[in-house]
Structures are given as structure tokens and as C-alpha cells.
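A short worksheet on the structure shown next.
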Amino acid sequence: MEFVVLLSLPLAGAVLLGFFGARPWAPRLNIAASLATLLAACALTAKVILEGNLLLVREQFFIDPFNVFLVSLTAFVGFTTALFSRPYMRVELDHGRLTPGRLRLYHSMYQLFMATMLIALTTNNLGLLWVAMEAATLSTVLLVTLYRTPASLEAGWKYFILCGVGIAQALFGTILLYVAAESVLGGEGVNALLWTHLDAVKGQLEPTVIGLAFVFLLVGYGTKVGLAPLHNWLPDAHAEGPTPISAVLSGLLLNVAIYAVVRCKVLVEGSLHSDLPSRMLMGFGLVSVVFASFLLWRQRDIKRLFAYSSIEHMGIITFAFGMGGQVANFAALLHMTVHSLTKSAIFFSVGHASQKAGSQLMEDIRGLITTSPTIGWGLMLGSLAILGMPPFGVFASEFLILTTAMQQQPWATPILLLALGVAFAAIFGRVQQMVFGETTLKRLPHSPALLPVFAHLAIVLVLGLFIPPFLANWYRAAAGLIGGH
Amino acid sequence: MNGVPFDLQILNSLAALLLLVSFAMLSQRRVVTLVNLLALQGALLCAATLVIAWRTGKSHLYVSAALTLGLKVIFLPWLLHRLIRRLEVYWDTEPALNVASTMLVGVVVVVFAFGLAQPIAAIASTATRSAIGIAVAVVLLAFLTMITRSKAMSQVVGFLSMENGLFFGAMSATYGMPMIVELGVALDVLVAMLVLGVFFFQIREQFDSLDLHHLESLKEET
Chain A
13 MEFVVLLSLP LAGAVLLGFF GARPWAPRLN IAASLATLLA ACALTAKVIL
63 EGNLLLVREQ FFIDPFNVFL VSLTAFVGFT TALFSRPYMR VELDHGRLTP
113 GRLRLYHSMY QLFMATMLIA LTTNNLGLLW VAMEAATLST VLLVTLYRTP
163 ASLEAGWKYF ILCGVGIAQA LFGTILLYVA AESVLGGEGV NALLWTHLDA
213 VKGQLEPTVI GLAFVFLLVG YGTKVGLAPL HNWLPDAHAE GPTPISAVLS
263 GLLLNVAIYA VVRCKVLVEG SLHSDLPSRM LMGFGLVSVV FASFLLWRQR
313 DIKRLFAYSS IEHMGIITFA FGMGGQVANF AALLHMTVHS LTKSAIFFSV
363 GHASQKAGSQ LMEDIRGLIT TSPTIGWGLM LGSLAILGMP PFGVFASEFL
413 ILTTAMQQQP WATPILLLAL GVAFAAIFGR VQQMVFGETT LKRLPHSPAL
463 LPVFAHLAIV LVLGLFIPPF LANWYRAAAG LIGGH
Chain B
35 MNGVPFDLQI LNSLAALLLL VSFAMLSQRR VVTLVNLLAL QGALLCAATL
85 VIAWRTGKSH LYVSAALTLG LKVIFLPWLL HRLIRRLEVY WDTEPALNVA
135 STMLVGVVVV VFAFGLAQPI AAIASTATRS AIGIAVAVVL LAFLTMITRS
185 KAMSQVVGFL SMENGLFFGA MSATYGMPMI VELGVALDVL VAMLVLGVFF
235 FQIREQFDSL DLHHLESLKE ET
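Chains as they are written, first to last, in the working numbering: chain A, 13 to 497; chain B, 35 to 256.
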């Protein structure tokens, strides 16, 4: 029941906003739909905690601790982003960068995007997972090109074609998985793509084909995660779309893509009896971390800067899942949570900052602390948090990942430390100038929605100091499901 | 005669024709012809699905054949032709690699594809598993088509051809995916093309051209 409500709310929101998305009260409807989705997600979470795993709608949907935690995270960030987007999009409308018609598209697609992510997270059918991932791309392509500038069209095209081709590889991987599963599960093969059934027989699946399938699945979904060298679409799509979309792309879509990769990894590892999947994840992860942290230095656009930072963090998470085992999985899940909250908080403050400066170039944004102290502090604290400074939650998860790496993969630790140091220097230097530098801009009379920023940062801070027992149990259960060494 | 049933012979000829069409697409520079080839590929795919459906007696394959016919043979080519007329993009520019070398690369790709298909064919239980190599080759050739073209329209045709190859692969390795997945994939392809139609007009409005060379300003330096 909770589940049906959870999926139908954003879908209904998308339809309603498709008709009324340009009305003055549309942003409030958007917020209301997102809040209702959040409440439904909380109810579902409570149910899973009390009653254990759920199989729904003829086994097509499956809820366990791993995905229910991502469902509530997705619904939460979806809600706060809707809060943020209301004043932000109003200013964009006033500045003439948008027309009411496009605002209607924006609102409708926003809800549709939430729906596709929730379907991708909760489905038990790997084919449906693919369909939902592709639908998530399609619903955001027209949002990336919302401003219709040449740069945004280019970004949209890249996003469309690269993710399209990438996800076609994932479809091939899914087909291979199906071939391997059908020969074991037999029958009409109706169940052969259901994750729970595959999980039950994963030891009997044909290793060569499964290995091949995993390569394609990793490349396919890895494109959506933004793993280097498949990351080309990511910085463009983040920089050129409206900021609320950057926040949800970075904070949520990347998580969902990682979720898909990890779900596949669990199956493949059980079938291969080798550490090939782990090694591939670690390899892709490390390359992304190093690559992104050095490219951070070359960025001039603030949203591109933080987009590259997202690639870096996705690399860290992928690496941690690659190491596997209780502690590393725990840390990776924690890192997914805190990265998602912190990065969206940063994009919220970046959005307001660049809106005030009238430019996304970092050299044009100066002295936020004098023109608008709250935005300045939001950006500063957010950046410190994402760079892994204690006492924020990112520190805790990165610390866990590094110590585990020291035990299990000592060779990787110096590389990770170097990359984190390079990223720290690159981001901190820029942010410091933007926040504390001299400014010529005047204080603007306009109240931004900064509640989400500080709410997110507060949660990240709490997670860094103390993880509530129910949450820790939850992470532990999920980490156990993912398994590994 | 040689012991291969008649329907399998038809199927193998259809598979060979599919591969031939993929090569034709690789060398074709007229966008209109490219779209016609795509429609032909769809028609071959539809015929192959019908033969398999008739052979195995699986009723859901008839639905899937009808879906292929409606979407890939009729609707998408019609949509693309309409876009071509409205946007007046009839020719692709000279490809990055000349046609002869592209064809040679294509041959290498096909050999690679058959190597890749070996372990898959080994475990597939279908009678049609010999065609898996061709399906992989079609996917990779479509990929090559996308890489060597610079016009948005040709890249999209390459993308759809890749989807055809994947579909044929699923068909020959397992007699098709479960219905719900197939419907979902078809829906995604349909929506993707509609989004693309809107998108082309936006690009056109902004640049007066559909040449992707205009879309190369976002580089790392910026």
C-alpha cells in the first residue's frame, strides 16, 4: 500500500504539473507532491524495518534495507530540492531566462524524474531497472537544455547520446544475464530477470557469460555513474542545466546508477568465484578519483568544479564497493548518504551565489561573506564538509575507506591520499577566494531558500559525530547484503 | 538435403541480410537512404521474429513482431523522414574516415564480434544461436557508424540500428526478453525519438544547422 502510494504520487504530480505547471501555485504543488512522496517513503521504510523484506506486485518489486535507505534519501533530497527550486526558479523567471511554458516542462519533468528513480531503486526486475534508468535520462535531457543556450544544447546532446550509447551496453549486459539465467531457471524465463531469483541460483550461472555480462553492465551503468573515462557528459550536464537539476543529478541520479552497478556486482561475484568484479570496480574507482581531482584544477566554472568533485566521490564509493566486506560497504553506503546531502547543499548555495553574481565563472564570484553571509557560510561549510574535514560525515566515511584500504589494498592508499590532497587544494583555494575575497557587488535584497542547505549540512554534521543506532543497523544490514570479501 | 530445417535456413538468410544492411549503412552518406536502410533493417528483424515465433509457437513473439513493425518499420522512419524534410538535412558530410577504410575496420569488427559471441552461443539453448555472432556484429557496426558520422541525424540512425542489433541478439539467444521488458524498451525508444525531435528543432533554432561540429565548444579548458 505504502509502496503503491510512493510510486503513484510523483507520477500523479508529473501529470498534474504537466497541465498546471505554469500556474503561480505550481511550485507549491511541486513541493507538496515531493513532501507527500517523502512521507510515503518514510512509511515504507518503517514497514521494512518492522516486517523485513517485501516482495510486491507479482515479485516485480523488491524492497530490502539496501534500497529502502536509498529510497528515503532520494525522497528527502527530492523534497528539499523542490523547496530550493521555488525561489530559485522564480528569480530565473524574473531575469527572463525562462518562460512560463518551460517552467511547466520543468515541474512536470522534475516529478517524472523522481518517479523513474524510485522505480529503478525498487524494481526487482533487471530489465525494468534498465528501462527506468533510461527513462531517468530521457526525463532530464530536456531539463538540461531548459535555457536553450548553445552550450546547454551541446550539453543536452552529449548527455543524450553518451548515456544512450552507454545504457545500450547495459541492455546488452542484461540480455547476457538473461541468457545465462534462462539456462538455469528454465521455463518460460519469466522469472529469469528477477533479482531475487537470480540471487538464489547465482552459484550455478555460467561464469564466462556472466563475466562478459558484467563488463557490459559496468560500462553501461558506469557511464551514468560518471566513472572516468566515461564521464564526459557529466560536467556539461551539471553546469548547463538549472541548478536544482544539477543538485538532483549529482545527489541522486549518480547514487541510483551506483546502486544498479552494485546490485549486478552481487550477482556476478556469487557466480564467478573470482575477484574480477572487485578489481574492475576498484580500477574504475581509482582512475576516476585521480582523474577528477587533477581536472579540478582546470575548471573555471563553479558548477563544473563541483561536478568534477562528484566524479571524484563516485570514484571513492565505487572503489569502496570494489574492496567489499562489511566495513568497506558500510563506509560506501555512508559516503553515498553524506555525499548526496552535502553535494546538493553545495549546489543550492552555488545556485544562489551565481544567480547573484550573474555568472557561473568563479572569477566573477567574490566576497560572498560580505554580500550575502548566509550563502557564503553555506558554501564554505559545504565545501569543508565535502573535502572531508572533521567533524563532518564525509570525514568519517573517507576515514573508514582509507583505513580499510590500508588493510586490504595497501598499494591504493597513497594514490587515494594524494588525490584527496590535490582535490582539497583545488577546491579550498577557489572557495576561499569566492567567499572571503574582495568584492564590488552590492548586497542584494532577495531572500534565498537556505533552509535546505543548513538542514543538509546539519545532518551531515550529526552523521560525522554520531550515527544513530537504527541507522547504523540499517547500514550494517545493507552492507551484509552486498557482501564481498 | 543438408539437414538444416527450412525455417532455420530462412532465418540464417535473414541474419545475413541484416549484416549486409549494417555494412550498407556504414558506407551510406545520403541521410534519406540511411533512414530507408534502417526501415529495411527493422523489416528484416520483424520477419526474423515472425519466423522464430512460428517455429517456437510462442505467442508473445507475435506481439513483439507487431511492435517492431509498428515502431521500427513504420513510425520511426516516418518520423525521421519528416524531420529530414522539415530540417532539410539530406547529406552527411564526408566521414572522419574514408569509406574504404571504414569498411575494412568493419570487417575486423565482425571477426571480433564472432569471437565475442562464442561463449554466449555455447550456453544458449536456442536453435538460432548461430545468429548471435551476427547480432553482436550489427551492434558493433552500428557503434562504428555513430563514431564515424558528424551529423546528428546519422548518429541517431546508428543508435537505432544498435538497438535493432540488441533486439536481434535477445531474439536469437533466448527467443526474446520477457514481455514487460520488451514493452518498456519500446516505450523508451519511442520517447527517446520524440525527445530527439524536439531537441533537433532546438539545435536548429540556435545554430541553423544540425552539424555536430557546432557542439564542440565545451571542452575541459572552459
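Note that CB positions come from ideal geometry on N, CA and C, so glycine has one too.
Item                                                                                                                                                                                     : Value
Taking G390 (chain A) as the reference, which of A:M446, A:A44, A:P219 and A:L206 has the closest Cα?                                                                                    : A:M446
Which ranges does the alpha helix (DSSP H) cover as unbroken runs of at least 4 residues, wholly within the stretch 376-447 of chain A, from first to last along the chain?              : 380-383, 385-398 and 405-420
At a Cβ threshold of 7 Å, is L158 (chain A) touching chain B?                                                                                                                            : no
Among the candidates A:L41, A:T255 and A:N203, whose CA atom is the shortest distance from the CA of F73 (chain A)?                                                                      : A:N203
So Q189 (chain B) contacts chain A; which residues on that side make the cut at Cβ distance below 7 Å?                                                                                   : I173
According to DSSP, simplified to helix, strand and coil, what is K92 (chain B)?                                                                                                          : coil
Starting from the Cα of L41 (chain A), find the closest Cα among A:V83, A:R116, A:V80 and A:V60 and give me that residue.                                                                : A:R116
Against E122 (chain B), what residues of chain A qualify as contacts under a CB-to-CB distance less than 9 Å, listed in chain order?                                                     : Those within 9 Å of E122 (chain B) in chain A number zero; the least Cβ separation is about 19 Å.
How is I479 (chain A) classed by DSSP in three states: helix, strand or coil?                                                                                                            : coil
Nearest-angstrom Cα distance between T23 (chain B) and L399 (chain A)?                                                                                                                   : It is not possible to answer for residue 23 (chain B), since the shown part of chain B is limited to 35 through 256.
Under three-state DSSP, which class holds W37 (chain A)?                                                                                                                                 : coil
Please compile the residues from chain A whose C-beta is within a distance smaller than 7 Å of the C-beta of T208 (chain B).                                                             : Y190, V191, E194 and G201
Report the three-state DSSP secondary structure of L462 (chain A) (helix, strand or coil).                                                                                               : coil
Which class does D287 (chain A) belong to by DSSP, given the choice of helix, strand or coil?                                                                                            : coil
Can you tell which of B:Q43, B:R116, B:L74 and B:T90 has its C-alpha closest to the C-alpha of N198 (chain B)?                                                                           : B:L74
Label T383 (chain A) either buried or exposed according to how many other C-beta atoms from any shown protein chain fall within 10 Å of its C-beta, with 16 as the threshold for buried. : buried
Once DSSP output is grouped into helix, strand and coil, what is the label at D41 (chain B)?                                                                                             : helix
Which same chain residues, not among the five before or five after L47 (chain A), have their C-beta less than 6 Å away from its C-beta?                                                  : F91
Report the neighbours of N65 (chain A) on chain B: residues whose CB is nearer than 9 Å to its CB, in chain order.                                                                       : Neighbours of N65 (chain A) on chain B: none; closest Cβ ~22 Å, over 9 Å.
Quick one: is I328 (chain A) near chain B, going by C-beta distance under 7 Å?                                                                                                           : no
Please state whether the Cβ-Cβ distance between Q372 (chain A) and V103 (chain A) is less than 7 Å.                                                                                      : no
Determine the extent of the beta strand (DSSP E) in which F73 (chain A) is found, giving its start and end residues.                                                                     : F73 to I75
At which residues does the beta strand (DSSP E) containing L66 (chain A) begin and terminate?                                                                                            : L66 to L68
In terms of residues, what are the limits of the alpha helix (DSSP H) holding V219 (chain B)?                                                                                            : M213 to F241
Got a sec, what are the start and stop residues for the alpha helix (DSSP H) K315 (chain A) sits in?                                                                                     : I314 to M335
For a test of the three-state rule: what should DSSP assign to N137 (chain A), helix, strand or coil?                                                                                    : strand
Quick check: what's the CA-CA separation for V260 (chain A) versus L133 (chain A)?                                                                                                       : 15 Å
Going by Cα to Cα distance, which pick from A:L155, A:G253 and A:G185 is closest to G232 (chain A)?                                                                                      : A:G185
Over the uninterrupted alpha helix (DSSP H) stretch that includes A158 (chain B), give me the two end residues.                                                                          : Premise fails: A158 (chain B) is in no alpha helix (DSSP H) and is neither H nor E.
Quick one: what's got a C-beta closer than 6 Å to L229 (chain A)'s C-beta in the same chain, skipping five residues either side?                                                         : A182, G185 and C276
Apply the 10 Å Cβ neighbour rule to E218 (chain A) and answer buried if 16 or more other Cβ atoms are within range, or exposed otherwise.                                                : buried
Got a sec? Which residues, its chain only, sit under 6 Å from F342 (chain A) by beta carbon, not counting five neighbours each side?                                                     : Y487 and A491
Step through the CB atoms of chain B and report whether any lies within less than 7 Å of the CB of I187 (chain A).                                                                       : yes
Helix, strand or coil for L48 (chain B)? Go by DSSP, reduced to three states.                                                                                                            : helix
In terms of residue numbering, what span does the alpha helix (DSSP H) encompassing N203 (chain A) cover?                                                                                : Careful: N203 (chain A) lies outside any alpha helix (DSSP H) and carries neither H nor E.
In angstroms with no decimal places, state the Cα-to-Cα distance between T256 (chain B) and L117 (chain B).                                                                              : With a pLDDT of only 39 at T256 (chain B), under the threshold of 50, the placement of this residue in the model should not be trusted; the figure read from the coordinates follows. In a straight line, the C-alpha of T256 (chain B) is about 33 Å away from that of L117 (chain B).
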